[in-house]
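J.: In my numbering, the protein residues as written are 531 to 1115.
Note that the Cβ used here is the ideal one computed from N, Cα and C, for glycine as well.
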């Protein structure tokens, strides 16, 4: 029986109407381990964002603009409608009517994310069931187990700050905000606070764990983690925290004195935990994860590491582009072959740990899907006169990288050159901006889109996201986006700069570098570029550029050559000299 039919049958047997299946796990992670890929199990959708509503008839999958085309390709339209997430609230209002029963797994949803559904429940418009067991887990044969990789400590030469120093800062913050306890559920924050890394997730060096801070205890931090994982780190961890088994967290919360004030982040705390706190008469205080901002503002050691890691990665990707342009045998090359070749150049690098996300290696019409991932079924062979887009990155012990280059295989059309150049103009506009210290991400976003908007074109995703330090490649809370952000920028934050253009079922263009925010003067910031990989001049239409933009490209390419050429062989060196030579009007 088809997976969606199994859950529809379960709805019928229990006289339920709807069941919500989000992409995320119980930690609200963007990239989930195999055991938590429930949305993929029921829909076959492989993207990193989405939510399905399973009904007894035809079900619905909601995704954002990055994934619309991909979802239509991967998901069987016999069982699912595909809709944009912007229609989610409207659909809920129209379909979650009186006497309808809606089921959710409370460990996978936050109250913040389900505000509308919870308001309908309070008005008694719907019956809301919090399930003790997720039906997908019951029907999923050979479901993968939770991973138990060995944890390891992130050395001070990479982190730049001891866990004791970090903990003391967070304790001061919690005291100022009059919290007795704080539950930390964001795995990146736990990892940062304790300088503790792992391999429970394929592309992010994290451990499945919980952490509770008790400001009144001598040893103020309690870590909840599988004992199997900490054989090599337990003695060091015990110097700064109490250690309990992962599943003991609920019992620990039940032991906390009634009416204690416990801080939680509404964006990271599941309904299950909120309900548990209320059942035990604990006073909830909504307080943003206190690690988010200090984690995002890189210290001097992390900045040095980021520069070294990005240079290493830039050299690898320059070698890869040389191979694509000069050594690749087209008839023997596929998207997967190219992705493996890019990994080959990175793997031998100092401090290499893993990729930072699944490589987006996309040729021709596949490049029109922003987050396309090749596999054995969709793997496309290279052909001449095609756009090739590669978006990839690496986890190094001293930094996390992410970059995108769009390359022409053969000859580009005038239209492709025009669109590429407009994307490049947007990229340059962000990279060269000097901006007020009172700026937020939405203040810069329109700069990247301006040239495309002039011809009524746009792209359906953010211009940039925060990047961690040997952590998540998508780091909250900072971004460059149309969506308003409450946080002001600060020096030491690393952001991606990735404007784009996508022509449906034809081709896609994206140019991405990582940028470091630094002081320009006492009232302004500017960007320091971290990524140094040649931009394909075969795709540039010079007549669309002004003199300042031409100067920027020439200066950027000069720096690419100066930084990278010493790591190349003679053939690669000659090629790099040519492709980074100045543009001429």
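1) Give the single residue among 1065, 598, 794, 544 whose Cα lies nearest to the Cα of residue 848.
2) Given residue 667, which residues of its chain have a CB within under 7 Å of its CB, disregarding the five upstream and five downstream residues?
3) Grouping DSSP H, G and I as helix and E and B as strand, with all else coil, what is residue 954?
4) With 16 as the cutoff for other CB atoms within 10 Å, does residue 696 come out buried or exposed?
5) Cutting at 6 Å between CB atoms, please list the residues of its own chain near residue 916, excluding the five before and the five after it.
6) Can you tell me which of the three DSSP states residue 699 falls into?
7) Is the CB-CB distance between residue 596 and residue 901 below 7 Å?
8) To the nearest whole angstrom, what separates the beta carbons of residue 923 and residue 873, a pair I think is in contact under 8 Å?
9) According to DSSP, is residue 824 helix, strand or coil?
10) Does the beta-carbon of residue 1052 have 16 or more other beta-carbons within 10 angstroms, so that it is buried, or is it exposed?
11) Do the CB positions of residue 821 and residue 670 come within less than 7 Å of each other?
12) Which class does residue 691 belong to by DSSP, given the choice of helix, strand or coil?
13) Smallest Cα separation from residue 640: which of 778, 707, 716?
14) Find the nearest neighbour of residue 568 within the set 554, 741, 1063, judged by alpha-carbon distance.
15) Among 635, 646, 812, which has the Cα closest to the Cα of residue 626?
16) So, residue 1038 versus residue 898, is the Cβ gap smaller than 7 Å?
17) By DSSP's criteria, residue 591 is part of a beta bridge. Which residues make up the other side?
18) Provide the residue span of the beta strand (DSSP E) that contains residue 531, from first to last.
19) If we ignore side chains and look at the alpha-carbon of each, how far apart do residue 611 and residue 630 end up?
20) Give the C-beta separation of residue 752 and residue 772 to the nearest angstrom, bearing in mind that I take them to be a contact with Cβ-Cβ under 8 Å.
21) With distance defined between alpha-carbon atoms, name the residue in 732, 615, 648, 703 nearest to residue 566.
22) So, under 8 Å CB-CB, residue 1046 and residue 833 are touching, yes? Tell me the CB distance rounded to an integer number of Å.
23) Rounded to a whole number of angstroms, what is the C-alpha to C-alpha distance between residue 720 and residue 825?
24) Assuming contact is defined by CB atoms lying nearer than 7 Å, are residue 929 and residue 836 in contact in what I supplied?
25) From the DSSP output, read off the bridge partner residues of residue 771.
26) Per DSSP, what are the beta-bridge partners of residue 552 in this structure?
27) By a C-beta neighbour count over all protein chains shown, 10 Å radius and 16 as the cutoff for buried, is residue 1106 buried or exposed?
28) If you scan the stretch 704-762 from start to end, which runs of the alpha helix (DSSP H) of 4 or more residues do you find wholly inside it?
29) Residue 665: buried (16+ other C-beta within 10 angstroms of its C-beta) or exposed?
30) Going by other Cβ atoms of all chains shown within 10 Å of its Cβ, with 16 needed for buried, is residue 684 buried or exposed?
31) Mind the definition here: the stretch 756-770 touches the stretch 796-813 only if three or more C-beta pairs lie below 8 Å; say whether that holds.
32) Under the assumption that residue 934 contacts residue 843 (Cβ atoms under 8 Å), give the Cβ distance between them as a whole number of angstroms.
33) Whole-angstrom Cβ separation of residue 583 and residue 548, contact assumed at under 8 Å?
34) Kindly identify the DSSP beta-bridge partner or partners of residue 1056.
35) Where do the ends of the alpha helix (DSSP H) carrying residue 631 lie?
36) Does the separation of the CB atoms of residue 636 and residue 618 fall below 7 Å?
T.: The relevant details are as follows:
1) 1065
2) 673
3) helix
4) buried
5) 893, 894, 939
6) helix
7) yes
8) Actually they do not touch by this definition, with Cβ atoms about 11 Å apart.
9) helix
10) Under the 10 Å beta carbon count, residue 1052 is surrounded by fewer than 16 other beta carbons and is classified as exposed.
11) With respect to the 7 Å criterion, residue 821 and residue 670 are not classified as neighbours on the basis of their beta carbons.
12) coil
13) 716
14) Considering only alpha carbons, the answer is 554.
15) 646
16) Closer than 7 Å, so yes.
17) 582, 612
18) Per DSSP, residue 531 belongs to no beta strand (DSSP E) and is neither H nor E.
19) 20 Å
20) The Cβ separation is near 4 Å, so the contact holds.
21) 732
22) 7 Å
23) 10 Å
24) yes
25) Residue pairing by DSSP places residue 771 opposite 751 in a beta bridge.
26) 581
27) With 16 or more other CB atoms across the displayed protein chains lying within 10 angstroms of its CB, residue 1106 is buried.
28) 717-724
29) buried
30) buried
31) The stretch 756-770 vs the stretch 796-813: no contact.
32) Residue 934 to residue 843, Cβ: 12 Å. No contact.
33) 6 Å
34) 1048
35) Segment 630-634 is the beta strand (DSSP E) holding residue 631; no alpha helix (DSSP H) there.
36) no
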